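Residue numbers (the working numbering): 5 to 699.
Every residue, glycine too, gets a C-beta built ideally from N, C-alpha and C.
Computed from a prediction, not measured in an experiment: that's the story for all the values here.
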């Protein structure tokens, strides 16, 4: 087996920069330089994306950034002992020991078990103390190999790596960890079962398991953990689950086969809390078990539902507002692929078939084919073949766009009630579209369907009926209630509001249109792909279907939103070129990528800059975005495509002035960012940034 760590992958007592991105990039470079990855940028991007989902700092001054990446060819570790600790998000402060775990997409199980075993080792104080005292890279490699059982001295060290008395090797192969010594003390011991899981399934999954077991041992509680990670998972025996007093879910992803825990009191939090506060989670679980009205895992909602609503890793007490926001964002996120693909197909249909293809599309796709091309089509079409292909593309796109409201409503309901909410949500969305209630009706219908389905899932049901609840009874009853309310009570008023809004937009001109452009520009740049950005984007997309030659306002709104969303990444790219010294090496690399991301209308390309310096980057971005939105509306630019940026130029009306609007916003944002970095607050000197370190 290829060794995971070698001396050239170890950096001792060096400063690798002041941010997690700096450290991760340097360690990714070591992996690539050692011939274990095909490229630095791809590996860094995957690892940093994982870092942004959940911070990888853990108690004890340790960080374990990790990822799966197609750039990795050999499962690898890279380790840094930092002279300047870096904050990786741990509650007890910055990390001075950083282990970077890089796994290929198809890593074999034996390597994954070793990586998991290493992660477990890092919560052991004697092991980390040895790493801090090591005098050379070779000594570090030897210590790690000992911990992984890859050297002759393994028995003495490997024993220290075990969790709660069970060897780590056995635990990782079995997929479960147990504080077995506690249960041997007597039958009256309190018992808890737990499930740990993180998106990557390499590090946090196993560290949380061992932390829970160790905390249980300290409290005299028998804790048995099922680790649903990359190294494989062996389910807890049903008899063990049945005998448990409560369940702890420390997860960032859905729990597999959650119905096994039906009826059990439980607490649920992100996996990192299982590492940071394992004792608190155990206390909470025992408290819920002692409360007759405490939360219970609900069987009727299927494999990934619970009394908390969905299979997401919600906290113990997710607020109503937080749950509402999460469900709305889920609906918008799942809706966007329908919209983006459908909108681009419609734009291509216009390109090939002319902008009057709407008059001919239905007739052409039904009556013609490639061997019988149409003879009747618009004057702007690229001939008979262009008219036929354009009609086909337009019709596919239009049908895809028809799912906009049902998909929005369906996945809002899914976020609230898991799978039983999907069908009633889609039905409610279809009803909203039928009644003309549009985007607003879809939101209301999705929320109604989700909350009704969730409520039905919490009702007690006899065992013989439980299997039918999620697949038949809940969808049936929730569809009747949610869609019935839309038909009988809510659909009409919402349709009236929607029509009034559309009429107002249709009548926009002059100063009113410019003000709307400013508002949309501010929203698009406020959180760079976050909730506010998504609201503005969804608002623009929802109106596209109402656009026409006589009603260009929806096209103009779409153009303003897309233009403003392109400003932040393009501006950051320009700023790194204009003012080299105020951006570090990592930001210069990100700036190169931001050119393409911005041109493609991917606002998230500016996130690395905003995360590092939000008080300067975000206000500057909002300033430029507001200018761009206002100019785009003032110039009357319009977009018939909902995505694509500069690459859907053929679907942009008044394209030249649209580009002028973007350019103006980009220049203003870039100059404002540079000015704020130079003259407001502390400057980041070049010498404080990451520099190559010889190893």
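Boundaries (first-last residue) of the beta strand (DSSP E) holding residue i
| i | result |
| --- | --- |
| residue 107 | 99–108 |
| residue 443 | Residue 443 -> not in any beta strand (DSSP E); alpha helix (DSSP H) instead, spanning 442–462. |
| residue 230 | 225–231 |
| residue 84 | 80–90 |
| residue 476 | Element bounds for residue 476: n/a, residue is neither H nor E. |
| residue 254 | 250–255 |
Cβ-based neighbour list, residue i, same chain, cut-off 8 Å, excluding 5 preceding and 5 following
| i | result |
| --- | --- |
| residue 658 | 639, 640, 641 and 642 |
| residue 503 | 440 |
| residue 222 | 283 |
| residue 411 | 335, 338, 339, 342, 430 and 433 |
Reference residue i, options the options, closest by Cα
| i | options | result |
| --- | --- | --- |
| residue 50 | 29, 63, 66 and 37 | 29 |
| residue 283 | 225, 265 and 297 | 225 |
| residue 674 | 628, 491 and 46 | 628 |
| residue 454 | 386, 489 and 428 | 428 |
| residue 607 | 529, 404, 246 and 676 | 529 |
| residue 523 | 569, 214 and 147 | 569 |
| residue 26 | 347, 52 and 133 | 52 |
| residue 202 | 230, 295, 589 and 84 | 230 |
| residue 42 | 108, 386 and 663 | 108 |
| residue 463 | 602, 299 and 377 | 299 |
| residue 196 | 664, 147, 564 and 254 | 254 |
| residue 545 | 458, 586, 563 and 580 | 563 |
| residue 376 | 391, 363 and 566 | 391 |
| residue 586 | 679, 652 and 285 | 679 |
| residue 265 | 296, 487 and 241 | 241 |
| residue 82 | 676, 39 and 296 | 39 |
Neighbourhood of residue i by C-beta distance below 7 Å, restricted to the same chain and skipping five residues each side
| i | result |
| --- | --- |
| residue 293 | 249, 250 and 269 |
| residue 404 | 342, 345, 346 and 349 |
| residue 174 | Only weak support exists for where residue 174 lies, its pLDDT of 35 falling under 50; the value from the coordinates is given anyway. So the list is empty, once near-sequence residues are dropped. |
| residue 11 | 141, 142 and 145 |
Cβ neighbour criterion (16 or more within 10 Å) applied to residue i
| i | result |
| --- | --- |
| residue 1 | The structure shown does not extend to residue 1, since the chain is modelled only from 5 to 699, so the question has no answer here. |
| residue 228 | buried |
| residue 507 | exposed |
| residue 683 | exposed |
| residue 371 | exposed |
| residue 198 | buried |
| residue 150 | buried |
| residue 374 | exposed |
| residue 142 | exposed |
| residue 209 | buried |
| residue 9 | buried |
| residue 660 | exposed |
| residue 484 | exposed |
| residue 560 | buried |
| residue 617 | buried |
| residue 681 | buried |
| residue 17 | exposed |
| residue 379 | exposed |
| residue 422 | buried |
| residue 216 | buried |
| residue 516 | exposed |
Extent of the continuous alpha helix (DSSP H) run through residue i
| i | result |
| --- | --- |
| residue 750 | Past the boundaries of the shown model lies residue 750; the chain is included only from 5 to 699, so the question cannot be answered. |
| residue 532 | Here residue 532 belongs to no alpha helix (DSSP H), and DSSP marks it neither H nor E. |
| residue 70 | Premise fails: residue 70 lies in the beta strand (DSSP E), 70–73, not in any alpha helix (DSSP H). |
| residue 194 | No alpha helix (DSSP H) holds residue 194; the beta strand (DSSP E) holding it covers 194–201. |
| residue 380 | Careful: residue 380 lies outside any alpha helix (DSSP H) and carries neither H nor E. |
| residue 29 | 24–37 |
| residue 141 | 141–151 |
Own chain partners of residue i with C-beta closer than 6 Å, once the 5 adjacent residues on each side are dropped
| i | result |
| --- | --- |
| residue 415 | 334, 335 and 338 |
| residue 525 | 568, 629, 630, 632 and 633 |
| residue 260 | 232 |
| residue 418 | 425 and 426 |
| residue 212 | 200, 254, 275, 278 and 279 |
| residue 590 | 25, 26 and 29 |
| residue 46 | 75 |
| residue 19 | 87 and 88 |
| residue 574 | 602 and 670 |
Within-9 Å CB hit, residue i to chain D
| i | result |
| --- | --- |
| residue 78 | This model lacks chain D altogether; it includes just one protein chain. |
Near the ligand SAM: residue i beta-carbon under 8 Å from a heavy atom
| i | result |
| --- | --- |
| residue 453 | The model on display carries no ligand, and the ligand SAM is accordingly not part of it. |
Answer yes if the region 474–481 comes into contact with the region 578–598, meaning at least three C-beta pairs across the two stretches below 8 Å, and no otherwise. no
Answer yes if the region 344–359 comes into contact with the region 392–401, meaning at least three C-beta pairs across the two stretches below 8 Å, and no otherwise. yes
Mind the definition here: the region 84–99 touches the region 54–67 only if three or more C-beta pairs lie below 8 Å; say whether that holds. Pairwise C-beta distances place the region 84–99 in contact with the region 54–67, as three or more of them are shorter than 8 Å.
Cβ pair count under 8 Å reaching 3, the region 611–624 against the region 546–557: Under the Cβ criterion (8 Å, minimum of three pairs), the region 611–624 does not count as touching the region 546–557.
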